[in-house]
Amino acid sequence: MIALRCLFILFLVLNVARGWALNYDADRREAYIESALASLYGVKVTTLWNSYKYLTTVERNECHSGIDRLKVTCLIEAAKRGCSHLSGAAKSSCLLYSDVILINKLGEDKMISPRERYSIMMEAGDYRGRFIQEITYLYATLATEYGLSKENQCEVNDLRCFGRSINQFCVSYGSRNDLSWQYCVGGLLWFIVTHRTER
Amino acid sequence: MRGLGTKTITTTLLFILCSGVVWNLELLRPERLRNLDSSVPFVIGLFAFFCGSLFFLFWDFQTPSRYVFQWIRVKAMRSEDVILLRLRRVALIIRENKGAKGVDLPPTLQKVIYQVTFLLVGLLTFNNRSVHILKNLPDQITISPSRFCDEKKADRESKPEKLGCELLLRAYDLGYAKSLGSCAPDEDEEVKEICHLRREDEPYLHYAWRQLTDAMADLAWVFSEEYRKMQEERFSGQLRALRELFHFRKNAITTAPRSQHHLWTNFPHPEGGLISVLNESLSPNECLDRYARLPLSLEDPDHQSMSRKLDLMMGHILYSTRYDRMAGYCKEFVVHWNAGFDACKRLSEDPYTFLKEQGSLESVRDIFDRLKIRSTLSGLREELNRLQSEGGEGEHLKDEKGFKEVVSFQCVVENRASNSPSFSEQSTEIDGHSFAVRSLSLPVHDDNGRIEFRSYQDLARLFAKDFRYTPITSRAKIDPDLDEEAIRGSLSDPGFLLSRLEFLRNADIFLGHRWIQDRPDLLEVYPYHLHLYRFVTLFRESYRKEKGRL
Chain Z
3 MIALRCLFIL
13 FLVLNVARGW
23 ALNYDADRRE
33 AYIESALASL
43 YGVKVTTLWN
53 SYKYLTTVER
63 NECHSGIDRL
73 KVTCLIEAAK
83 RGCSHLSGAA
93 KSSCLLYSDV
103 ILINKLGEDK
113 MISPRERYSI
123 MMEAGDYRGR
133 FIQEITYLYA
143 TLATEYGLSK
153 ENQCEVNDLR
163 CFGRSINQFC
173 VSYGSRNDLS
183 WQYCVGGLLW
193 FIVTHRTER
Chain G
783 MRGLGTKTIT
793 TTLLFILCSG
803 VVWNLELLRP
813 ERLRNLDSSV
823 PFVIGLFAFF
833 CGSLFFLFWD
843 FQTPSRYVFQ
853 WIRVKAMRSE
863 DVILLRLRRV
873 ALIIRENKGA
883 KGVDLPPTLQ
893 KVIYQVTFLL
903 VGLLTFNNRS
913 VHILKNLPDQ
923 ITISPSRFCD
933 EKKADRESKP
943 EKLGCELLLR
953 AYDLGYAKSL
963 GSCAPDEDEE
973 VKEICHLRRE
983 DEPYLHYAWR
993 QLTDAMADLA
1003 WVFSEEYRKM
1013 QEERFSGQLR
1023 ALRELFHFRK
1033 NAITTAPRSQ
1043 HHLWTNFPHP
1053 EGGLISVLNE
1063 SLSPNECLDR
1073 YARLPLSLED
1083 PDHQSMSRKL
1093 DLMMGHILYS
1103 TRYDRMAGYC
1113 KEFVVHWNAG
1123 FDACKRLSED
1133 PYTFLKEQGS
1143 LESVRDIFDR
1153 LKIRSTLSGL
1163 REELNRLQSE
1173 GGEGEHLKDE
1183 KGFKEVVSFQ
1193 CVVENRASNS
1203 PSFSEQSTEI
1213 DGHSFAVRSL
1223 SLPVHDDNGR
1233 IEFRSYQDLA
1243 RLFAKDFRYT
1253 PITSRAKIDP
1263 DLDEEAIRGS
1273 LSDPGFLLSR
1283 LEFLRNADIF
1293 LGHRWIQDRP
1303 DLLEVYPYHL
1313 HLYRFVTLFR
1323 ESYRKEKGRL
């Protein structure tokens, strides 16, 4: 099963590495989500959290900027550097899950308003932990909505179906609830993978 | 046959009645009795003992009954007997119990029976909850603080809040300063309202007497000549404005339109004439539902015709409730589809004929009537307020809406010959009121009839002349290096598809970046909620300064 999964990941990430995703049409988006999901599943949760911590540190230090363009570019470069010690399929997988982690980092400030962050800071002893807890609640709400949506009719291991359904869900959910598509996708993928139960 | 004393009968009947009720309500069930708090049986017992004893003493059950109930032969009846029931030969009577010959239960037994009866009454009336309430009753008997004058607030208000005066005030109080100087209270300070509630240290009887004297004074005022005259003037004022009052209420009950805004356009009807007629007749509130569920994407593939796009644009900027308080009520905006190119010109030249042809003259005049009614009633309200405050100045009323704010006329015409939108303005006069008639000539570039996003700005300026949407007011952060090439380049790089979409956040589609319109894939993931929300909110703020509803 694990070998099959690795082969699957290899197939997908090679396609991505070919510069497949040059535009954002529905097919490409679905394929990208599918490959990102595969890469997230192929990695331990501790590795994901380590990458999260690394990008958080980078975001607060060298990539800290008021100009979004510079910040995003810097973070992408930092994520690439974080995966540079790997090679081949592992590197491609690292780039994929780093993208998911990165978009969640960029979305945190937008999903929790400055007022809410201020109140968390005033009330909680461990601000960071409490903040992550709040974000997780938001992701959980998103995942619940997704789970109850008509788009979610996929079998457990059907990643292609998940790619399609998550894309469709996030397009319609974002329109109804004023949430950017990329934050919706990133939040869902992160929550699904970090809260999976091992079978 | 000896009669039965009335006291005995009463005692027995009461006991039977209470027993029957208690039995029927199953109050003697062991489970219920076990669930009673320890204080409840005590209260019931105490109640039964005291009430039973007092009742026994009060009704003087120690002495024999004064009257007796007796079955007696009709022949043996006396004249003073009261007949209750008469049969052929016997009758049930009430007779005076002379010589105490009537039969009565022993006093002790009657006392016991009454105590048992009151025990049953206690079981009926007392339970866990009622005893709990009785226990907490002393705590609940507190007079609400709102019935007292807030003397702490008065103290705070009475102290002048002039900066730097605390030291001088203290010195003055101690006698070190002979005058307060500039820290003295202002002579033209407003008179504080006198508090008529009870003072903290005021005895209750004194407060009650004050209330009574105030009430008597009010009553005297009501019966005075001055009050009568005032009421007469109020009534005659309202009688004079009876027609206006009637129509005011009628308009409120029938939810008559509170504004009329007309838009003429040469675009065809988005749904076709027959469908629209059916919709309007079968679902008069259809527009409310439709505009509450507008798609966010401005390039919804289902809305390809120019008419639908115009409808969508108007829905977003004016009616949709997802952004902010509505700027306009969709039922008060009349869009005249399939109008001629010269609609606004004809309106300005001969408004009566044109509006009559369009079937809109009456609705516009209805609004004029409503405005006049409102003006009349405002005058009446001022007069009534003046009377109420005994000759003082009436309450200051809010500024009334003008005619131009609640009635407006505009046109949108398609212009395939021009590359840029253009505005023109003419004027017209209806029933002595002049109105500006603004026209927007909208360029249509594509063969598909696509409307540029820039058209949102133009349409917004048609409705709100002073509206401007600029990079300063946009939520897109100003970044001089973030031009079209930079964004295109970033988006075309492989990898990090999710993160690269962040570059779109600062590409405000209402301020250029028309290349995004050529990318339907990007439009699907474009963050409309950021820029469209901002655009619509700012527009509505500007619109409300110029136009509104009654």
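Sequence lines, in order, name chains Z and G. Our numbering applies: residue 3 is where the first sequence begins, and numbers increase by one. Our numbering applies: residue 783 is where the second sequence begins, and numbers increase by one. All C-beta atoms in this analysis are idealised placements derived from N, C-alpha and C, irrespective of residue type, glycine included.
Taking residue i as the reference, which of the options has the closest Cα?
| i | options | result |
| --- | --- | --- |
| residue 1120(G) | 842(G), 1140(G) and 1007(G) | 1140(G) |
| residue 800(G) | 1214(G), 958(G) and 896(G) | 896(G) |
| residue 1134(G) | 1210(G), 796(G), 1073(G) and 1239(G) | 1210(G) |
| residue 1307(G) | 1291(G), 1169(G), 869(G) and 1253(G) | 1291(G) |
| residue 1117(G) | 1094(G), 1024(G) and 1022(G) | 1094(G) |
| residue 130(Z) | 147(Z), 190(Z), 54(Z) and 46(Z) | 54(Z) |
| residue 137(Z) | 39(Z), 67(Z), 98(Z) and 192(Z) | 192(Z) |
| residue 804(G) | 902(G), 1248(G) and 952(G) | 902(G) |
| residue 1023(G) | 810(G), 954(G), 1157(G) and 892(G) | 1157(G) |
| residue 1213(G) | 1149(G), 1314(G) and 1070(G) | 1149(G) |
| residue 1137(G) | 1192(G), 1054(G) and 1032(G) | 1192(G) |
| residue 1256(G) | 1264(G), 1200(G) and 1317(G) | 1317(G) |
Are the C-beta atoms of residue i and some chain Z residue less than 7 Å apart?
| i | result |
| --- | --- |
| residue 1204(G) | no |
| residue 1261(G) | yes |
| residue 1264(G) | yes |
| residue 1101(G) | no |
Here's a check: name, in chain order, each residue in its chain whose Cβ is nearer than 6 Å to the Cβ of residue i, leaving out the five neighbours to either side.
| i | result |
| --- | --- |
| residue 165(Z) | 32, 35 and 36 |
| residue 1273(G) | 1282 |
| residue 132(Z) | 122 and 126 |
| residue 1103(G) | 1074 |
| residue 834(G) | 896, 897 and 900 |
| residue 1269(G) | 1285 and 1289 |
Between which residues of its own chain and residue i is the CB-CB distance below 8 Å, once the five residues before and five after are set aside?
| i | result |
| --- | --- |
| residue 77(Z) | 57, 60, 61, 65, 104, 107 and 108 |
| residue 910(G) | 817, 818, 819 and 822 |
| residue 140(Z) | 113, 114 and 189 |
Using a C-beta cutoff of 7 Å, does residue i count as contacting chain G?
| i | result |
| --- | --- |
| residue 2(Z) | Because chain Z here runs from 3 to 201, residue 2(Z) falls outside it and cannot be looked at. |
| residue 169(Z) | no |
| residue 122(Z) | no |
| residue 162(Z) | no |
| residue 26(Z) | yes |
| residue 23(Z) | Caution applies to residue 23(Z), whose pLDDT of 39 falls short of 50 and renders its modelled position unreliable; the value that the coordinates give is listed next. Yes, its Cβ sits closer than 7 Å to a Cβ of chain G. |
| residue 184(Z) | yes |
| residue 137(Z) | no |
| residue 83(Z) | no |
| residue 62(Z) | no |
| residue 195(Z) | no |
| residue 166(Z) | no |
| residue 71(Z) | yes |
| residue 180(Z) | yes |
| residue 175(Z) | no |
| residue 74(Z) | yes |
| residue 34(Z) | yes |
Less than 7 Å between C-beta atoms, sequence neighbours within five positions excluded: which residues of the same chain meet that for residue i?
| i | result |
| --- | --- |
| residue 1052(G) | 1087, 1089, 1090 and 1093 |
| residue 847(G) | 787, 788, 789, 790, 879, 884 and 886 |
| residue 873(G) | 854, 856, 859, 865 and 867 |
| residue 1229(G) | Low local confidence applies: a pLDDT of 48 at residue 1229(G) is under 50, so the model's placement there is unreliable, with the coordinate-based value given in what follows. So the list is empty, once near-sequence residues are dropped. |
| residue 1295(G) | 1266 and 1289 |
| residue 881(G) | none |
May I ask you to list, following chain order, the residues of the stretch 1291–1313 of chain G that have a beta carbon less than 7 Å from some beta carbon of chain Z?
Cβ contacts with chain Z come from 1303, 1304, 1306, 1307, 1309 and 1311.
Contact set between the stretch 93–119 of chain Z and chain G, restricted to residues whose Cβ is under 7 Å from the partner
Those residues of the stretch 93–119 of chain Z that come within reach of chain G (Cβ to Cβ, closer than 7 Å) are 97, 101, 102, 104, 105 and 108.
To be precise: take each residue of the stretch 1267–1287 of chain G, compare its Cβ to all Cβ atoms of chain Z, and keep it if any distance is under 8 Å. Which residues remain?
Correct list: 1268, 1272, 1273, 1274, 1276, 1277, 1278, 1279, 1280, 1281, 1282, 1283, 1284, 1285 and 1287.
State whether the stretch 1009–1017 of chain G contacts the stretch 953–962 of chain G, with contact taken as three or more CB pairs (one from each stretch) at a distance under 8 Å.
At 8 Å Cβ cutoff, the stretches do not touch.
Give a yes or no on contact between the stretch 1182–1196 of chain G and the stretch 1151–1165 of chain G, applying the rule of three or more CB pairs nearer than 8 Å.
Segment contact: the stretch 1182–1196 of chain G against the stretch 1151–1165 of chain G, three or more CB-CB distances shorter than 8 Å; contact assigned.
Pull out every residue of the stretch 41–59 of chain Z whose Cβ sits closer than 7 Å to any Cβ of chain G, in chain order.
Among the residues of the stretch 41–59 of chain Z, none has a Cβ less than 7 Å away from any Cβ of chain G.
Can we say the stretch 822–834 of chain G touches the stretch 182–200 of chain Z, given the rule of at least three CB pairs closer than 8 Å?
Contact between the stretch 822–834 of chain G and the stretch 182–200 of chain Z is not established, with fewer than three Cβ pairs separated by less than 8 Å.
Evaluate the contact criterion for the stretch 1240–1248 of chain G versus the stretch 1217–1226 of chain G: three or more CB pairs, one atom per stretch, below 8 Å.
The stretch 1240–1248 of chain G vs the stretch 1217–1226 of chain G: in contact.
At a Cβ cut of 7 Å, what residues of the stretch 131–156 of chain Z count as close to chain G, listed as they run along the chain?
Taking 7 Å as the Cβ-Cβ cut-off against chain G, none of the residues of the stretch 131–156 of chain Z qualify.
Is there contact here, the stretch 1298–1305 of chain G with the stretch 82–96 of chain Z, by at least three beta-carbon pairs under 8 Å?
A contact between stretches requires three or more CB pairs, one per stretch, nearer than 8 Å, and the stretch 1298–1305 of chain G fails this requirement with the stretch 82–96 of chain Z.
Does the stretch 46–53 of chain Z come into contact with the stretch 1317–1327 of chain G, if we say contact requires no fewer than three beta-carbon pairs (one atom in each stretch) closer than 8 Å?
Contact annotation: the stretch 46–53 of chain Z does not touch the stretch 1317–1327 of chain G, with fewer than three C-beta pairs closer than 8 Å.
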